[in-house]
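Chains as they are written, first to last, in the working numbering: chain Z, 4 to 480; chain A, 0 to 504. Virtual Cβ for every residue (Gly too), placed ideally from N, Cα, C. Nothing here was measured: the structure is a model prediction, and the numbers come from that model. Here's the structure, in structure tokens; my notes come after.
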Amino acid sequence: MNTMPQGADYLRILPEIILSIFGMIIMLLDPLLEERRRAKTLGIVGLIGALIALGSTLCMARQPGPGFWNMIQVDAFSVFFHFLVTAVTAVVILASYEYMEVQQIRAGEYYGLILFGAVGMCLMSSAVELVLIFIALEISSISTYILAGFRRRAAISSESSVKYFLLGSFATAFFLYGVALMFGATGSTSIPVIGQKLLAGPLAYTSIALMFVGLGFKVAAAPFHVWTPDVYEGAPAPVVGFMSTAPKAGVFAVLLRIIFEAHAPGSAWLIWAAAALSMTIGNVAALVQTNVKRLLAYSSIAHAGYLLMAFAALPANGIPSAMFYTATYAAMNVGAFAVISHFAGAGERYVTLEDYAGLGRRSPVLAATLTIFLSSLIGIPMTGGFFAKFYVFSAALQNNLIWLVIIGVLNSAVGAYYYLRIIVAMYMREPREETAVAPIPLALGSALAITVIATLYLGIVPGRVLEYASRSVEFLR
Amino acid sequence: MNLAALHSWILTLVTFTPLAGALLLLLIPRRDRDIRVFALVISLLAFVMSLHLLVHFDGTKAGFNFEFDHAWIPTPNIHYHLGVDGVSMWLVVLTTFLTPLCVLISWKSISERVKEFFILLLVLETALIGVFVSLDLFLFYFFWEATLIPMALLIGMYGHGRKIYAAVKFFLYTMVASVFMLAAILWLYAKTGTFDFVVLQNAVHHGQIPGYAAASFWLFLGFFVAFAVKVPLFPFHTWLPDAHVEAPTAGSVLLAGVLLKMGTYGMLRFNLGLFPEQSRANAWWIMVLALIGIIYGALVALVQPNMKKLIAYSSISHLGFVVLGIFSFTSAGLNGATYVMLAHGISTGGLFMLAGILYERRHTYEISEFGGLATPMPVYASFFLFIVLASVGLPLLNGFIGEFLVLTGAFQARAVYGTLGATGVIWAAGYLLWMYQRVFFGKVTHEVNNSLPDLNLREKTALAPAAVMALVMGVAPLFWLSTIDPAVQSVLAPFAQMASRVVGR
Chain Z
4 MNTMPQGADY
14 LRILPEIILS
24 IFGMIIMLLD
34 PLLEERRRAK
44 TLGIVGLIGA
54 LIALGSTLCM
64 ARQPGPGFWN
74 MIQVDAFSVF
84 FHFLVTAVTA
94 VVILASYEYM
104 EVQQIRAGEY
114 YGLILFGAVG
124 MCLMSSAVEL
134 VLIFIALEIS
144 SISTYILAGF
154 RRRAAISSES
164 SVKYFLLGSF
174 ATAFFLYGVA
184 LMFGATGSTS
194 IPVIGQKLLA
204 GPLAYTSIAL
214 MFVGLGFKVA
224 AAPFHVWTPD
234 VYEGAPAPVV
244 GFMSTAPKAG
254 VFAVLLRIIF
264 EAHAPGSAWL
274 IWAAAALSMT
284 IGNVAALVQT
294 NVKRLLAYSS
304 IAHAGYLLMA
314 FAALPANGIP
324 SAMFYTATYA
334 AMNVGAFAVI
344 SHFAGAGERY
354 VTLEDYAGLG
364 RRSPVLAATL
374 TIFLSSLIGI
384 PMTGGFFAKF
394 YVFSAALQNN
404 LIWLVIIGVL
414 NSAVGAYYYL
424 RIIVAMYMRE
434 PREETAVAPI
444 PLALGSALAI
454 TVIATLYLGI
464 VPGRVLEYAS
474 RSVEFLR
Chain A
0 MNLAALHSWI
10 LTLVTFTPLA
20 GALLLLLIPR
30 RDRDIRVFAL
40 VISLLAFVMS
50 LHLLVHFDGT
60 KAGFNFEFDH
70 AWIPTPNIHY
80 HLGVDGVSMW
90 LVVLTTFLTP
100 LCVLISWKSI
110 SERVKEFFIL
120 LLVLETALIG
130 VFVSLDLFLF
140 YFFWEATLIP
150 MALLIGMYGH
160 GRKIYAAVKF
170 FLYTMVASVF
180 MLAAILWLYA
190 KTGTFDFVVL
200 QNAVHHGQIP
210 GYAAASFWLF
220 LGFFVAFAVK
230 VPLFPFHTWL
240 PDAHVEAPTA
250 GSVLLAGVLL
260 KMGTYGMLRF
270 NLGLFPEQSR
280 ANAWWIMVLA
290 LIGIIYGALV
300 ALVQPNMKKL
310 IAYSSISHLG
320 FVVLGIFSFT
330 SAGLNGATYV
340 MLAHGISTGG
350 LFMLAGILYE
360 RRHTYEISEF
370 GGLATPMPVY
380 ASFFLFIVLA
390 SVGLPLLNGF
400 IGEFLVLTGA
410 FQARAVYGTL
420 GATGVIWAAG
430 YLLWMYQRVF
440 FGKVTHEVNN
450 SLPDLNLREK
460 TALAPAAVMA
470 LVMGVAPLFW
480 LSTIDPAVQS
490 VLAPFAQMAS
500 RVVGR
């Protein structure tokens, strides 16, 4: 065996390398810059890093195949997720740009942590080795634990961070235990090898179940969802947009590999139950929320449930539909939280449904963009959310999961109600006080424009993205 | 552009002109007058383009006219497939005909957030036309759902009273019901790999869909529930009075005039087209529900103290006729049903406009607030009487033809259906004329009503087309029926085969 990595190996992790370098540059620049200009400069550096990483996915795509002694695998699948994660990172940085100033948060390592987190999330999608997956998961998780507590003056933010950290480390421990058992069952931690050797048996079942607990926690799937509303409520709004999409995309990528490439036995009913539970709990609990951040937290639980339906389908339909859903969910949720982060104002004061009353009059643009994101979350035609749900449901139907589809369909009808409440508040209710909404700054405006365009693009011409996602199917078998 | 190319593009043009107008409206500065004029121009443009359909429609052609089929999304296999037959073409024209009137009638009554109002109205128009021209089930569902948001916002933003309640109720009722249709559509796709209506219809005819026989009842029901809520068929009607009473006038006009027809059109096209045997097997209870709707709607209308609610319940009654005609599976019944759809669109649209005009002056719909209005508002009173008579079904006006045909069809199906249905005509005369008497005849009961201004030119312009059409449709029904009938015959073809199969056995 060659003991030195090949040159091509480095190209295969080029986005990760670039993100890490820029993350370190930010850490180094942080103490050197003047206090007053620090936040903006670091934001720009972070944005440049994310954009270069985004571009470097093209380089990476030219080097398909395994790298680093079969620890990672570059294929259409991992390229898709790299692109998604880096794009989300860039948009989140844009959305945070003015937010940091309004909230008077010392920027410093904020942008660095976002980039480091993105490294972990990217790595998750190309790793095909369970130990590497674990490391990637930890890189991503630790960054998000800290990011969740970034509104240091707010007690609720620290609470969010600590809660997330304690429960999250517990969950990763479960995952690690599952990995250990898997090694015991097959003598390998490499997913393709496991796929060949794994036999159904108590050991395999336990191992899969433990790994599922860990990953289920990360994607906020019921019954491992309890942390979500509290953490989302306390964390800074742009960070919520980030951690509800990018790490989830990474974890879903891992889950897809484990379930479809390792042919995990006994996962079908696990997925079935988790999907049905998440959808139902998420939607029902969201009905009674008055805090918009909490409402979207429950909504993200529900969406994790819809997404999990794809994992219960056959790979030929399940994988592309799951990938499409992840991308759409990222576009609409990051966008929604960008609106929320701007509207919340200093100290995140305006986050309840009542605060949103009359927003349609006070800031037509903000209200209209949020309406587009919410329509997409409901699944109204012309928006990506519609096709996302549609693909997932039809994938499940083709695997004859009729009851799961019925539960999903009923849930999406229930779900329409609480998203509608926000739209109703914005357009149909009179505000209690006519507080002015700050005009939309450039960086946030471009973040909104990107996410709106992405949401509509996925809703009107979803063919290209889905076709690209379908190409991944052949790699995962 | 040559004529053949225009023929294949004309439906796309008609459908998306309003949407393009709505997008342009976004760019126009907020000067209310400009916005109103622009919206009027766009809606008239769409109307003029839809007249192209009328002129070049070829009734002798088998299948659909002005077809356009283009692959839109490869997986799943979704096509941008448009086309109209005699039934859907008239519904498209009805939509484009009513929209300019809606713009006119909202000229003054909408004074806040004018831009948003007309954007929503035009987006709604695109979605409505899209519903009628789609021949791909997916595309159909797409437009079907797309009508929801603009309509709900129109009710919720510009309505009065319990507008939010009404808007949310409207949204949820339709949303929940159409989810069942989506499930049925997905099932069909999973088994056949296509959403194309024409292809699916052929597959059904030749029995090429695996598992169809076992599932067809549930599929039929999935479609039917979505349509029945929209119609609305008793007992799914409770959203309608709320939505109507609280909606702004233009919203009510489009809601009654066009949105409700989405349901009956869907039954005619999809329930009958894809599930002929199930339609026949389930016709008895559907007709019973339709009859209950006719009589119950009329009786409730009779006791309404609120003018708009009265008209809303009369819609339930009239739409009952449509359903009765459709599920009679007779040529007269289906022709009549289509005719009632069009006639009801015009006469009830007219009634809502009239009620809206009164509301602009007095800010109430309570019948008891009025009385003797014929004295201060003679022109208004004459328009009102004319439209009321059309709605009642006076011979030589448009309501008569359709109801007569429907009742003929119902008699052919089963005499008792026809007899019970016919009572609905009597009730209609009762509630509408009684309302007319209370509002217009006698002495002026409230002092304020003495000084009410009569119709101005704009209002006359908005009402005159509706009144003229009510008359023309009443005296020259063959102009409509000659294009409707071939479409109805092709819908009925499988039923004739079914009957002959039974006889042959």
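Sequence-distant residues of its chain with Cβ nearer than 8 Å to residue i (five each side left out)
i: A:Ala38; result: Gly20, Leu24, Val102, Phe117, Leu120, Leu121
i: A:Val474; result: Leu395
i: A:Glu245; result: Ile154, Gly158, His159, Gly160, Arg161, Lys162, Tyr164, Ala165, Ala166
i: A:Phe194; result: Pro75, Asn76, Ile77, His78, Asp135, Leu136, Phe137, Leu138, Ile184, Leu187, Tyr188
Residue i versus residue j: straight-line alpha-carbon distance, rounded
i: Z:Ala339; j: Z:Thr458; result: 11 Å
i: A:Ala61; j: A:Pro493; result: 15 Å
i: A:Gly392; j: A:Pro377; result: 23 Å
i: Z:Ile108; j: A:Thr263; result: 59 Å
i: A:Gly348; j: A:Val257; result: 9 Å
i: Z:Gly350; j: Z:Ser449; result: 23 Å
i: A:Ser110; j: A:Arg29; result: 12 Å
i: A:Val443; j: A:Asn449; result: 7 Å
i: Z:Ile304; j: Z:Phe220; result: 10 Å
i: Z:Ile343; j: Z:Ser191; result: 45 Å
i: A:Gly417; j: A:Phe235; result: 23 Å
i: A:Asp505; j: A:Pro485; result: Because chain A here runs from 0 to 504, residue 505 of chain A falls outside it and cannot be looked at.
i: Z:Leu404; j: Z:Ala316; result: 8 Å
i: A:Leu271; j: A:Tyr364; result: 39 Å
i: A:Tyr140; j: A:Tyr295; result: 30 Å
i: A:Leu12; j: Z:Tyr208; result: 58 Å
i: A:Val415; j: A:Phe222; result: 27 Å
i: Z:Pro239; j: Z:Gly361; result: 24 Å
i: A:Thr237; j: A:Val339; result: 22 Å
i: Z:Ser247; j: A:Leu288; result: 48 Å
Contact test: residue i Cβ vs the ligand GDP heavy atom, cutoff 6 Å
i: Z:Glu433; result: No copy of the ligand GDP appears in this structure; indeed no ligand is present at all.
Same chain, Cβ closer than 6 Å to residue i, five either side skipped, listed in chain order
i: Z:Val395; result: Tyr309, Met312, Ala313, Ser324, Tyr328
i: A:Ile285; result: Phe326
Nearest candidate by alpha-carbon position, reference residue i, set the options
i: Z:Ser146; options: Z:Val134, Z:Val165, Z:Ala158, Z:Ala157; result: Z:Val165
i: A:Pro507; options: Z:Tyr460, Z:Ala79, Z:Met214, Z:Ile375; result: This structure gives no information on residue 507 of chain A, because the portion of chain A shown stretches from 0 to 504.
i: A:Val83; options: A:Val424, A:His6, A:Phe351, A:Val198; result: A:His6
i: A:Leu477; options: A:Arg161, A:Pro73, A:Gly85, A:Leu171; result: A:Gly85
i: A:Leu50; options: A:Leu152, A:Val132, A:Phe216, A:Leu93; result: A:Leu93
i: A:Thr95; options: A:Ile41, A:Ala297, A:Met434, A:Pro452; result: A:Ile41
i: Z:Ala391; options: Z:His228, Z:Met326, Z:Gly244; result: Z:Met326
i: Z:Leu169; options: Z:Val229, Z:Leu447, Z:Gly120; result: Z:Val229
i: Z:Val464; options: Z:Val476, Z:Phe389, Z:Leu407, Z:Arg424; result: Z:Phe389
i: A:Gly408; options: A:Val447, A:Leu333, A:Ala469; result: A:Leu333
i: Z:Lys43; options: Z:Thr189, Z:Leu61, Z:Glu112, Z:Val295; result: Z:Glu112
i: Z:Gly3; options: Z:Ala399, Z:Tyr422, Z:Ala347; result: Here chain Z has residues from 4 to 480 only, and residue 3 of chain Z is not among them.
i: A:Val230; options: A:Leu267, A:Arg112, A:Leu43; result: A:Leu267
Spatial neighbours of residue i in its chain, beta-carbon cut-off 7 Å, leaving aside the 5 residues before and after
i: A:Trp71; result: Ile77, His78, Tyr79
i: Z:Ser59; result: Leu17, Pro18, Ile21
i: Z:Tyr301; result: Pro232, Gly285, Ala288, Ala289, Gln292
i: A:Val501; result: Here A:Val501 scores only 45 on pLDDT, less than 50, and its place in the model is too uncertain to base an answer on.
Exercise. Please name the residues in the region 380-406 of chain Z whose beta-carbon is closer than 7 Å to at least one beta-carbon of chain A, in chain order.
Key: Ile383, Pro384, Met385, Phe396, Ser397, Leu400, Gln401
Exercise. Please list the segments of the alpha helix (DSSP H) lying wholly inside the region 444-498 of chain A, counting only runs of 4 or more residues, in order along the chain.
Key: 456-474
Quiz item: Hey, which unbroken runs of the alpha helix (DSSP H) at 4 residues or more fall wholly within the region 221-292 of chain Z?
Solution: DSSP runs (the alpha helix (DSSP H)) wholly in the region 221-292 of chain Z: 231-237, 240-246, 249-259, 270-289.
Quiz item: For the region 312-335 of chain Z, which residues have a beta carbon sitting closer than 7 Å to at least one beta carbon of chain A?
Solution: none
Practice problem: Scan the region 46-66 of chain Z for residues whose Cβ lies nearer than 8 Å to a Cβ of chain A and list them as they occur along the chain. | Solution: none
Self-check item: Contact residues within the region 462-475 of chain Z, judged by C-beta distance below 8 Å to chain A
Solution: Val464, Pro465, Gly466, Leu469, Glu470, Ser473
Quiz prompt | Residues of the region 64-78 of chain A whose Cβ lies closer than 8 Å to any Cβ of chain Z, in chain order | solution = Trp71, Ile72, Pro73, Thr74, Pro75
Quiz item: For the region 184-203 of chain A, which residues have a CB atom closer than 9 Å to at least one CB atom of chain Z, in sequence order?
Solution: Leu185, Trp186, Tyr188, Ala189
Practice problem: Would you list, in chain order, the members of the region 406-425 of chain Z that have their beta-carbon closer than 9 Å to a beta-carbon of chain A? | Solution: Residues are counted here when their Cβ sits less than 9 Å from a Cβ of chain A; for the region 406-425 of chain Z these are Val408, Ile409, Val412, Leu413, Ser415, Ala416, Val417, Ala419, Tyr420, Leu423, Arg424, given in chain order.
Practice problem: Determine which residues of the region 20-45 of chain A have a Cβ less than 7 Å from any Cβ of chain Z, and write them out in chain order. | Solution: Listed by position, the residues of the region 20-45 of chain A near chain Z (Cβ gap below 7 Å) amount to none.
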